[in-house]
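According to the numbering used here, the sequence shown is numbered sequentially starting from 1.
The structure appears below as structure tokens.
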Amino acid sequence: MTTVEHSPTLAPLRQARERFLSDRPLPDDVPDEVLAAWRRARFFGVRHDLDGPVHDPELPADSALLEAARPVLDRIAPALGHSAMLLTDERLRVLWTTGEVPGDDRCRDLSEREVGHNSAALALRTRRRAEVHGPEHFLDVWQDVSAVSVPLLAPDSGQVLGTVTVASALCAGCGPHPGAALAEATATAVEAELLARSRTAERVLLDAYTRAAHGPDRAVVALDGRNRLVSEAAVRLATPQVLAALERSSTSERASGTRPPHHSQPPQDTGCGPVVERSNGAGGGPNRERPTDAEGGPALERSHDARGGLNRERPTAAEGGPALERSHDTGCRPVREQPYDLTLPDGAGCTAEITPVRHEGRVLGIVAVLEARPAEAPVPRLVPRPALALAGGSVPWRHAVARAVELARVPEPLLLTGERGSGKTALARELLGEREPLVADAAESPELGVKYSELADGRPLLLRHAERLAQPDVAALNSLLDEHPDVYLLVTYTPGTPPGPCFQRLLDTLAARSVTLPALRERPEDVRELLPVLAPRPAPGQPPLTWTLDALRALEEHPWPGNVTELAHVVRALAEHRRVTGPVRRAELPDPVRERPAARRLSPMEHAERTAILAALRRHGGNKARAAAALGIGRATLYRKLRGYQGIS
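If you want it as structure tokens, here you go:
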């Protein structure tokens, strides 16, 4: 292993860092990602010498991640030797540590905003193993430290729950960090423990639900913060307001572990409860986001995960009861407490009797039995179709939306990047929810015309087509972010010509909180989900727009240079101007869409490679040299691959 005294591979980078800290010109061979990380640290105001007050984060009183990870960490700790290990949560707060690392007595928050570039923050952002060595760090105390971090993913949703980090003395120049295998093994063991506990909790909740639901006519809802079991009768009673109140009660029960006072008001809504989408099935049918159960079984739903969708268990129920994958261990029985009545919002139309669900002394969730008020019969409700910004189930799209949803939880600058028509503005408005933003469109007027005083009350600013901003406004925006790094700003950016130095600085500033949306040609499987959302609502008595399989194949094979916007124009034109009935046939599509592509389709490996190349080009504003360096290939190789992919779908 290369020692601290003999690390020639890092000597140029160490010198470059010293020049950066003293504001001297830098050499050309500094890796782009490292330089961008240093710039972010300076933007966040991080002191490289840790001089000054250090943020001491407030740790959660009851961490499910730490509870699951502690047995694994205690077993592995003796094998660390001279290394150290740290466990962080999804906010990069250090929950557990063993061993000694320089500065670990002061660095209890590993977010870039507090300590600059480090492997835990990099692993959390990239969702894969990350290493940071010596001078790649921004802090002085970590200049002789090498660290490797692995993200911890929720076994059911894939959401990042935290990181595991192994840190040691500097070991640059020897390939993978010597603790990489240990960090990977620790993360795998912790995720296995999380999965086991999750399945146990699901069995306990399901058992409690089954005992409460004596038949299809009883309205029962069971919740534990992640799962939601809803009987057929409860679907007709549980309005979104009722479900929100039940979620709040479940959260309160899990936090306190005790029953709140009789007839107590529920706690204030934090706005983080799960969202239920419904459709009116036959006879007031089941929730749209669950399997159909002919005899009134429950619908198992998950709250919104990191991918922005609803997670669902979909096993079959042979006898009308709920179906959930389970083991033969039936020793998990909750301890029943006396039920109590929950005060529901005015106009709820029903009452709720709550029973906490316990297991091993811990409250897992609640079971609610709903009863309709005699004077108020449940009214069927129509719910609008899903938002266009969330339509699509492909992996690239779900990953991008999940990342955007995760970042949007904090009202700070957010950059949405993608080709024209890829849905950047639609997603931005969806992320804002009911908040009405100030809107500035550089395509209509390159001058912002927005003052910070207008944003001081927390009102967000949606800046569209940032690539068309005039130079003075780019400089003004950079100054605004320098003075107010937490301003609530959503920026949409379409890469094209290489950005100038001033605009590149803006992109570097926003890089830590940016999301790249995939083009429609990179997610053709989403076309079928987009079609009903894009089609205008049919006139009363008219059937909705449908498509033949041949027409669907043509739509999926078309490259859509205008992305979702172009697809929307085609769908709306057909809906408004066609004079025939029945499904849309291939012959009715526009000529460019109707004609089959002449070139072959990409193999899965080629498609993944092409997607990675296009993403790198977008991240670097179309600069092929930087994209090639980021991908680890030569420029000639990049040019050759781009020529090979021309005309291929």
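Ideal Cβ positions, reconstructed from N, Cα and C, are used throughout, including at glycine.
Please report how far the alpha carbon of residue i lies from the alpha carbon of residue j, in whole angstroms.
| i | j | result |
| --- | --- | --- |
| Cys350 | Arg586 | 50 Å |
| Gly45 | Gly162 | 24 Å |
| Glu277 | Thr425 | With a pLDDT of 34 at Glu277, under the threshold of 50, the modelled position of that residue is not reliable, and no figure is offered here. |
| Thr9 | Ala169 | 15 Å |
| Thr516 | Ile366 | 39 Å |
| Thr270 | Leu510 | Unreliable placement is indicated for Thr270, whose pLDDT of 37 sits below 50; the coordinate value is still reported in the next sentence. Each residue's alpha carbon lies about 27 Å from the other. |
| Val94 | His82 | 20 Å |
| Pro240 | Glu353 | 17 Å |
| Ala11 | Arg254 | 52 Å |
| Leu26 | Gly116 | 19 Å |
| Ser111 | Leu414 | 17 Å |
| Asp109 | Val564 | 40 Å |
| Phe138 | Arg125 | 17 Å |
| Arg70 | Arg40 | 33 Å |
| Ala16 | Glu136 | 10 Å |
| Pro540 | Val369 | 38 Å |
| Thr581 | Glu444 | 40 Å |
| Tyr340 | Arg211 | 17 Å |
| Ser479 | Val491 | 16 Å |
| Leu80 | His359 | 34 Å |
| His55 | Leu182 | 29 Å |
| Ala192 | Ala185 | 11 Å |
| Val160 | Leu246 | 26 Å |
| Glu436 | Arg459 | 7 Å |
| Leu66 | Val190 | 9 Å |
| Tyr493 | Gly562 | 15 Å |
| Val474 | Gly621 | 16 Å |
| Leu390 | Arg420 | 17 Å |
| Thr548 | Val584 | 6 Å |
| Leu638 | Asp29 | 19 Å |
| Pro495 | Leu463 | 15 Å |
| Leu206 | Val221 | 11 Å |
| Pro543 | Ala442 | 40 Å |
| Ala37 | His558 | 39 Å |
| Arg594 | Trp560 | 12 Å |
| Leu194 | Ala64 | 9 Å |
| Val439 | Ala219 | 45 Å |
Would you give the residue range spanned by the beta strand (DSSP E) that residue i belongs to?
| i | result |
| --- | --- |
| Ala130 | 130-133 |
| Val220 | 219-223 |
| Val491 | 489-493 |
Along the chain, where does the alpha helix (DSSP H) that runs through residue i open and close?
| i | result |
| --- | --- |
| Asn227 | Per DSSP, Asn227 belongs to no alpha helix (DSSP H); it is in the beta strand (DSSP E), 227-230. |
| Leu73 | 64-76 |
| Asp32 | 32-44 |
| Thr186 | 180-212 |
| Pro12 | 11-21 |
| Gly622 | Looking at the DSSP string, Gly622 is not in any alpha helix (DSSP H), and its letter there is neither H nor E. |
| Leu122 | 119-126 |
| Ala636 | 635-645 |
| Pro112 | Checking the sequence, you will find Glu at residue 112 rather than Pro. Where Glu112 is concerned, the enclosing alpha helix (DSSP H) stretches over 112-115. |
Can you tell which of the options has the C-alpha that lies nearest to the C-alpha of residue i?
| i | options | result |
| --- | --- | --- |
| Gln232 | Ser252, Tyr209, Ala167 | The sequence given here has Glu at residue 232, not Gln. Closest by alpha carbon: Tyr209. |
| Pro178 | Val242, Met85, Glu90 | Met85 |
| Glu100 | Asp89, Arg513, Ala77 | Ala77 |
| Pro524 | Pro495, Pro499, Glu556, Leu480 | Glu556 |
| Asp156 | Ser198, Leu182, Ala512, Val115 | Ser198 |
| Ala573 | Met605, Ala554, Pro536 | Pro536 |
| Arg640 | Val221, His620, Arg610, Val570 | Arg610 |
| Glu522 | Val439, Arg594, Gly393 | Gly393 |
| Arg650 | Arg113, Leu66, Ala575 | An answer regarding residue 650 cannot be provided, because it is not within the stretch 1 to 649 covered by the chain. |
| Leu552 | Ala612, Pro151, His484, Leu531 | Leu531 |
| Arg226 | Glu202, Val220, Ala400 | Glu202 |
| Cys171 | Asp89, Val164, Val145, Val150 | Val145 |
Name the DSSP bridge partner or partners of residue i?
| i | result |
| --- | --- |
| Pro356 | Ile366 |
| Pro151 | Thr163 |
| Leu87 | Trp96, Val164 |
| Ser514 | Leu415 |
| Glu371 | Thr351 |
| Ser146 | His133, Ser168 |
| Leu342 | Ala352 |
| Trp547 | Val584 |
| Asp526 | For Asp526, which the question treats as bridged, DSSP gives no partner whatsoever. |
| Asp109 | Arg93 |
Whole beta strand (DSSP E) elements within the segment 402-481, 3-residue minimum: Here the runs fully enclosed are 414-417, 438-441, 461-464.
Start-end ranges of the alpha helix (DSSP H) lying completely within the segment 558-612, minimum 4 residues: If we require 4 residues or more, the alpha helix (DSSP H) runs fully inside the segment 558-612 come out as 563-577, 591-594.
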